[in-house]
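Taking it in order: structure first as structure tokens, then the write-up.
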Amino acid sequence: MASSTASGSRTYAEAIEALNTLQSNAATIAAIRASGGKANDLAISEMVEYLSRIGYSLEDLDRLNIIHITGTKGKGSTAAFSSQLVCDALSEESGADASGPKVGLYTSPHMLLVRERMRLDGLPLSEERFAKDFWYVWDKLGETADKRARPDVTPVRPVYFRFMTLLSFHTFLTTPSLRAVILEVGIGGKYDSTNIVKTPVVCGVATLGLDHTALLGNTIEEIAEQKAGIYKKRRPALAVRQSKESAEAVLRRCAEEVGAPFTLLPAPSAALQKISLGLPGPHQVTNAHLALSLVESFLAETATFSTPTSVWSDKDTLQPAEWAQKSLRNARWPGRCQIVRPAPVETSSSANEKLQPTYFLDGAHTTDSLALCTRWFIGASASVAAEQQSSGGDSPTAQVERHLIFNCTNGRSAAELLSSLLSTISAETGSSSPTSYFTQVHFCTNVTYSSRGFSSDLTSKAMDPDDLSALSIQRELKAAWLELAGPERKEEEEKRVQIWPTIEDAVKAVAASQPRENQSHVLVAGSLHLVGGVMSHLKDAGALDDKLEAVWGNVKV
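Counting in the numbering used here, the sequence shown runs from 401 upward without gaps.
Listed below in structure tokens is the structure:
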């Protein structure tokens, strides 16, 4: 499939180039959607075979002490909280491998670099380790091509995400000091490539919503059944409260069917809601609650004399222990409700520093998550504006100009996503013309740069080249925006809504329109890939460090 890559190529850059050949193109993705999920029928058996071909058994995975997490919204944040909690709980661990990393974390997608998907004690793999492990798995699959049970159906190497899952298992199994792995599902659960794990320590389901409906089902109940597919016999099965009791009932039924003890977590207590979290946004308390409960189960199964026995100081009131509160404060998850005040690029004079836009980044890409994102942005923008004025950075009469940079990937409804965003603005601000909340609106593709296309780590073949060149999705977004604005505002909105072929064009347009006397706040949402591309530009501009934290300090609102 991608065997044309020279066998002597061992660098990180060449590994990424080879990895990108495993991406499914737009036509393949469309076929999978059209199949109604039938393309999933061989998913698990193929992954088991791939695992065997790189030298591991399902029993080997049990040694990793896996916390398995799925959901529609919040699974990545829950994984980040869980990773920090387990890292801190095991920080006092003693033994021969005390100096090595204790916790592996596997998530998707990445923001800037592919190696962000695999972390050891919170840090992405180094380029050297990634390349070493990548080429081992790549070569092993090539060498064992004749071991395929169905060579007419099963490729020599799996598609991108499945390959990354195999790579993560290899990396974690060859890190002897690891005591735990936090494993985030890619899509769904039942047929996801991570779901070959037979005996996780504990499994959790975060908030559910309608997403990937062509693969998972058109109702919240159907999606709940897919997500509950990660529950395993005799392993604790947790879930947060859902928007519909019928979804909770499906989760409970699925757990009972496989013999998994099920716990539906109560709503976060008053004590929990008072805790300061490292991940901004009022909805994060639900994710923190799930993470605490998952780690509580983990400690009950694996705790030693030198580790904490509980995350709670008072279990009845759900009051986290001091060490757990510190963990929650220290947790980070870039690109989710993140505020970045960029450093000046061309000048350091104080007169120009205030002219740099403040970016508000959130990868929300469903109707429910966009409502939460918009609510967060409205409050955060108001708070940042007040803080900037009170600190003397702006005159009391300075206005805030707000921009929207937005995109959605193919298969999602532009009208439904934008309707969620605008209806939330109406509800939160009382405005009868919510489109006027933004001074300018920029719809762009996820292509990173205008001259050189995608950053290599951000390359995506999932978009139809014809749609990309014709800006079909962006035109659809603009049409939906104008329709939602109403006929009386159409002419005005036409002047303010712009379409761009790349992220770079949108970022430059925002910078060019930055007024000297006003603040400029930019909401970036609709796609995690879009957020990653914008972060790439912010990093190029010196606004983000290697950990993707703001150089001028993280703003948490």
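Ideal Cβ positions, reconstructed from N, Cα and C, are used throughout, including at glycine. Model, not experiment: these values are computed from the prediction.
Across the set Q799, L938, C737, the C-alpha of C737 shows the shortest separation from the C-alpha of L770. Of all alpha-carbon atoms in V503, W952, T571, P501, the one lying nearest the alpha-carbon of W535 is that of T571. DSSP assignment within the region 673 to 748 yields the following whole alpha helix (DSSP H) runs of 4 residues or more, N-terminal first: 684 to 702, 722 to 730. Where M564 is concerned, the enclosing alpha helix (DSSP H) starts and stops at 560 to 573. Excluding the 5 residues flanking it on each side, T767 has same chain C-beta neighbours closer than 8 Å at G609, L610, E816, L817, S819, S820, in chain order. Residue range 662 to 664 is occupied by the beta strand (DSSP E) that includes F662. Put simply, the backbone Cα of F777 is about 15 Å away from that of V841.
When DSSP states are grouped into helix, strand and coil, V585 belongs to the coil group. When the Cα atoms are used, P757 and T774 turn out to be separated by approximately 18 Å. Of the candidates A912, L664, I675, R548, the residue whose Cα lies closest to the Cα of S727 is I675. With contacts defined as CB atoms closer than 9 Å, L490 and T575 fail to qualify as a contacting pair.
Going by beta carbons, T902 and S850 fall inside the 9 Å limit.
Cβ-Cβ separation between H803 and L858: approximately 22 Å, too far for a contact (criterion under 8 Å). For L664, the closest of Q673, A671, A670, C654 by C-alpha to C-alpha distance is C654.
Residue state for A925 is assigned as strand, using DSSP reduced to three classes.
Excluding the 5 residues flanking it on each side, V910 has same chain C-beta neighbours closer than 6 Å at P757, H803, V922, in chain order. Residue range 800 to 806 is occupied by the beta strand (DSSP E) that includes E801.
W538: member of the alpha helix (DSSP H) spanning 527 to 543, first to last residue. Contact between Y450 and L566 holds: their C-beta atoms lie close to 6 Å from each other, under 8 Å.
Inclusion of S508 and E622 in the CB contact set at 9 Å is not warranted, their separation being larger than that value. F838 carries a coil assignment under DSSP once its states are collapsed to helix, strand and coil. Of the candidates G779, S790, N807, F530, G779 places its Cα closest to the Cα of I825. A direct Cα-to-Cα measurement between V740 and S781 gives close to 12 Å. Shown here for Q626: same chain residues with a beta carbon closer than 6 Å to its own, the five before and five after excluded, namely G588, G589, K590, L616 in chain order.
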